[in-house]
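Trainee: Read in order, the letters of the sequence shown are residues 2 to 330 in the working numbering.
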Amino acid sequence: PPPAPFIGLQGHVDALYISVEAVIALASVLGNTLVVLVVRINRALRDTTFCFIVSLAVADIAVGGLVIPLAIVINIGFRTQFYTCLFLTCLLLIITQSSILSLMAIAIDRYLRVKIPTRYCVIVTQQRAWMAVSLCWLLSMLTGLVPMLGWHNKEVLHSKERNISSGNIVCHFSTVMRMDYMVYFNFFGWVVLPLTIMVGLYIEIFHVIRKQMNKRAQSSTDASKYYRKELKLAKSLVLVVFLFVISWMPLHIMNCISYFCPQCQVPKSALYVGIFMSHANSAVNPLVYAFRINKFRSTLIQIWKNYFIFVSPKITQDVPQWALTGPAS
2 PPPAPFIGLQ
12 GHVDALYISV
22 EAVIALASVL
32 GNTLVVLVVR
42 INRALRDTTF
52 CFIVSLAVAD
62 IAVGGLVIPL
72 AIVINIGFRT
82 QFYTCLFLTC
92 LLLIITQSSI
102 LSLMAIAIDR
112 YLRVKIPTRY
122 CVIVTQQRAW
132 MAVSLCWLLS
142 MLTGLVPMLG
152 WHNKEVLHSK
162 ERNISSGNIV
172 CHFSTVMRMD
182 YMVYFNFFGW
192 VVLPLTIMVG
202 LYIEIFHVIR
212 KQMNKRAQSS
222 TDASKYYRKE
232 LKLAKSLVLV
242 VFLFVISWMP
252 LHIMNCISYF
262 CPQCQVPKSA
272 LYVGIFMSHA
282 NSAVNPLVYA
292 FRINKFRSTL
302 IQIWKNYFIF
312 VSPKITQDVP
322 QWALTGPAS
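1. As a quick exercise: from Trp152, His280, Val40 and Ile73, pick the residue whose alpha carbon is nearest that of Val14.
2. As a quick exercise: from Pro251, Arg47 and Met105, pick the residue whose alpha carbon is nearest that of Gln128.
3. Out of Ile19, Ile117, Met183 and Ala235, which has the shortest C-alpha to C-alpha gap to Leu93?
4. What is the DSSP secondary structure of Gln82, reduced to helix, strand or coil?
5. Near Asp181, what residues of its chain come up, given a Cβ to Cβ distance below 7 Å and the 5 sequence neighbours on each side ignored?
6. Take the Cβ of Gln303 as the centre, count every other Cβ of all protein chains shown within 10 Å, and call the residue buried at 16 or more, exposed below.
7. Which class does Cys91 belong to by DSSP, given the choice of helix, strand or coil?
8. Is it buried or exposed, Phe332, if we count other Cβ atoms within 10 angstroms and call 16 or more buried?
9. Kindly indicate which three-state DSSP category Ile294 falls into: helix, strand or coil?
10. Using CA atoms only, rank isn't needed, just tell me which of Thr144, Ile109 and Lys216 is closest to Leu196.
11. Closest to Lys1 by C-alpha separation, out of Arg41, Val40 and Ile206, would be which residue?
12. Note the first and the last residue of the continuous beta strand (DSSP E) segment covering Val171.
13. Can we say the region 137-145 touches the region 260-273, given the rule of at least three CB pairs closer than 8 Å?
14. Compute the beta-carbon to beta-carbon distance between Val241 and Met199, rounded to the nearest angstrom, for a pair I have assumed lies under 8 Å.
15. If you follow the alpha helix (DSSP H) that Met214 is in, where does it begin and where does it stop?
16. For Val147, which residues of its own chain have a beta-carbon under 6 Å away from its beta-carbon, when the five flanking residues on both sides are left out?
17. Just how far apart, CA to CA, sit Thr50 and Val36?
18. What's the gap between the Cα of Ile96 and the Cα of Ser56?
19. Please list the terminal residues of the continuous alpha helix (DSSP H) segment that includes Phe245.
20. Would you report the Cα separation of Val115 and Tyr227, rounded to the nearest angstrom?
21. Within the continuous alpha helix (DSSP H) that includes Pro70, where are the two ends?
22. Around the Cβ of Val123, are there at least 16 other Cβ atoms within 10 angstroms (buried) or fewer (exposed)?
23. Note down the Cα distance separating Ser99 from Ala60, rounded to an integer number of angstroms.
24. What are the residues that DSSP puts in a beta bridge with Met178?
25. How big is the Cα-Cα spacing for Leu136 and Val209?
26. Are the CB atoms of Ala106 and Phe53 within a distance shorter than 8 Å?
27. Since I believe Ile276 is in contact with Leu252 (beta carbons under 8 Å), could you give me their beta-carbon distance rounded to a whole number of angstroms?
28. Let me confirm a value: Ala120 is counted as buried when at least 16 other C-beta atoms fall within 10 Å, else exposed. Which label applies?
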């Protein structure tokens with residue numbers, strides 16, 4: 002008889018894994034949908050930085066609506082064609098990569114904002130910001146689909162799976178994805194390098210802001226207020242990057258262990274914790290915006306009071322005028 006499409010759950014650990022993933026998925030979709038809605042409603046949040054924040058929110062919605070269901074299916078053990086399984090695992094990488102590149106785009110945007118404040122509005126327009134968002138997603142697709150071009154495990158599987166000739170395999174991430182790709186190309190090339198660039202940019206951002214604030218220490222001018230707001234927003238965005246690193250590093254470290262120490266066995270429970278942390282990051286960002294950005298929080302409160310009614314004059318009228326004008330803070 003033909004094999005069952007799913008291998009099945011392996012006890013209480015898998016059942017708990019699916020339950021937690023479902024909660025994270027729901028929180029990610031709802032929270033980040035609110036992020037997009039808040040930016041749509043509040044005119045003060047429609048600057049270039051929030052173009053990239055919306056891109057990050059869309060990626061996080063995709064994590065909840067697509068990545069987590071796919072991860073559950075792959076972890077259960079789905080029988081399918083080799084290249085179907087490979088494509089599904091590549092989708093996970095594309096969405097993750099878009100998050101990293103969106104974070105880097107935010108860092109570059111804030112750097113330009115404090116480094117060349119007088120020319121910033123001329124150089125960084127809304128149109129160019131959305132072009133940069135499109136470029137982030139295009140690069141994510143190109144890097145995420147590299148395994149489809151041949152950097153995969155099919156040749157290794159030929160010697161292990163007798164039915165690989167028909168393409169019928171048990172779909173697991175490690176079954177189709179090569180660890181040298183995950184470690185050298187994905188992790189070192191497209192995670193560590195962008196994060197290193199971000200660290201350098203934010204160090205320079207804080208240096209410039211502190212320098213400008215020291216010059217205007219005794220001043221209450223608009224320039225002084227501008228840099229105070231930039232400092233507060235920069236701290237919030239650094240927190241987003243920090244949470245991303247904390248959430249994703251355990252999983253990447255486990256990949257490195259699997260690659261550099263093949264005889265070392267990573268416990269399944271540890272792997273699940275790493276997956277939880279990476280996915281939970283998508284549900285955390287809306288909380289950071291809500292607690293750290295005043296205008297975001299005020300708009301969110303009004304949406305909540307109006308029972309999540311989508312864009313309407315009623316919501317816009319209820320948002321305080323100070324929250325609808327001026328730069329985000």
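Cβ coordinates follow ideal geometry from the N, Cα and C atoms, glycine included.
Mentor: According to the data block:
1. Translated into the one-based positions of the sequence shown, residue 14 becomes position 13. From the listed residues Trp152, His280, Val40 and Ile73, the smallest Cα separation to Val14 is found for Ile73.
2. Residue numbering aside, residue 128 sits at position 127 when the sequence shown is read from its first letter. The candidate whose alpha carbon is nearest that of Gln128 is Arg47.
3. Along the sequence shown, read from residue 1 onward, the residue named residue 93 stands at position 92. Residue Met183 is the option with its Cα nearest to Leu93.
4. Counting from 1 along the sequence shown, the entry for residue 82 is found at position 81. Here DSSP, grouped into helix, strand and coil, assigns Gln82 to strand.
5. As a first step, residue 181 must be located in the sequence shown, where it is residue number 180. Hits under 7 Å: Tyr260.
6. Position 302 of the sequence shown, counted from the first residue, corresponds to residue 303. Flag for Gln303 reads buried.
7. Reading the sequence shown from its first residue, position 90 is the one you call residue 91. Helix at Cys91.
8. Here the chain covers residues 2 to 330 and nothing more, so residue 332 does not appear.
9. As a first step, residue 294 must be located in the sequence shown, where it is residue number 293. Residue state, collapsed to three classes: coil.
10. As a first step, residue 196 must be located in the sequence shown, where it is residue number 195. Out of Thr144, Ile109 and Lys216, Ile109 has the C-alpha closest to the C-alpha of Leu196.
11. Past the edges of the chain, shown from 2 to 330, lies residue 1, and the structure says nothing about it.
12. Residue mapping note: residue 171 aligns to position 170 of the sequence shown, counting from 1. Looking at the DSSP string, the run of the beta strand (DSSP E) that includes Val171 is Asn169 to Cys172.
13. no
14. Within the sequence shown, residue 241 is the residue found at index 240, counting from 1. Within the sequence shown, residue 199 is the residue found at index 198, counting from 1. In fact, because the Cβ distance is near 10 Å, the residues do not count as touching under 8 Å.
15. The count along the sequence shown starts at 1 and reaches residue 214 at position 213. Run containing Met214: Leu194 to Lys216, per the alpha helix (DSSP H) assignment.
16. Reading the sequence shown from its first residue, position 146 is the one you call residue 147. Answer for Val147: no residue qualifies.
17. Here residue 50 refers to the residue found at position 49 when the sequence shown is read from its first residue. Here residue 36 refers to the residue found at position 35 when the sequence shown is read from its first residue. Going from the Cα of Thr50 to the Cα of Val36 covers about 13 Å.
18. Here residue 96 refers to the residue found at position 95 of the sequence shown. Here residue 56 refers to the residue found at position 55 of the sequence shown. Looking at the two C-alpha atoms, the distance is approximately 11 Å.
19. Locating residue 245 in the sequence shown gives position 244, counting from the first residue. According to the DSSP assignment, Phe245 belongs to the alpha helix (DSSP H) that extends over Asp223 to Phe261.
20. For this step, residue 115 is matched to residue 114 along the sequence shown. For this step, residue 227 is matched to residue 226 along the sequence shown. Rounded to the nearest angstrom, the two C-alpha atoms are 9 Å apart.
21. Position 69 of the sequence shown, counted from the start, is the residue given in the question as residue 70. Looking at the DSSP string, the run of the alpha helix (DSSP H) that includes Pro70 is Ile69 to Ile77.
22. Position 122 of the sequence shown, counting from 1, holds the residue named residue 123. Result: exposed.
23. Here residue 99 is taken as the residue at index 98 of the sequence shown, counted from 1. Here residue 60 is taken as the residue at index 59 of the sequence shown, counted from 1. Cα-Cα distance, rounded: 7 Å.
24. As a working note, residue 178 is residue 177 in the sequence shown. His153, per the DSSP bridge assignment.
25. Here residue 136 corresponds to residue number 135 of the sequence shown, with the count starting at 1. Here residue 209 corresponds to residue number 208 of the sequence shown, with the count starting at 1. If you take the alpha carbons of Leu136 and Val209, they lie about 28 Å apart.
26. To locate residue 53, count along the sequence shown from 1; it is residue 52. To locate residue 106, count along the sequence shown from 1; it is residue 105. Cβ distance < 8 Å, so Phe53 and Ala106 count as in contact.
27. Your numbering for residue 252 matches position 251 in the sequence shown. Your numbering for residue 276 matches position 275 in the sequence shown. Contact between Leu252 and Ile276 is confirmed by a C-beta separation of about 7 Å, below the 8 Å threshold.
28. Taking the first residue of the sequence shown as 1, we reach residue 120 at position 119. One point to set straight first is that residue 120 is Arg, not Ala, in the sequence displayed. It is exposed - the Cβ of Arg120 has fewer than 16 other Cβ atoms within 10 Å.
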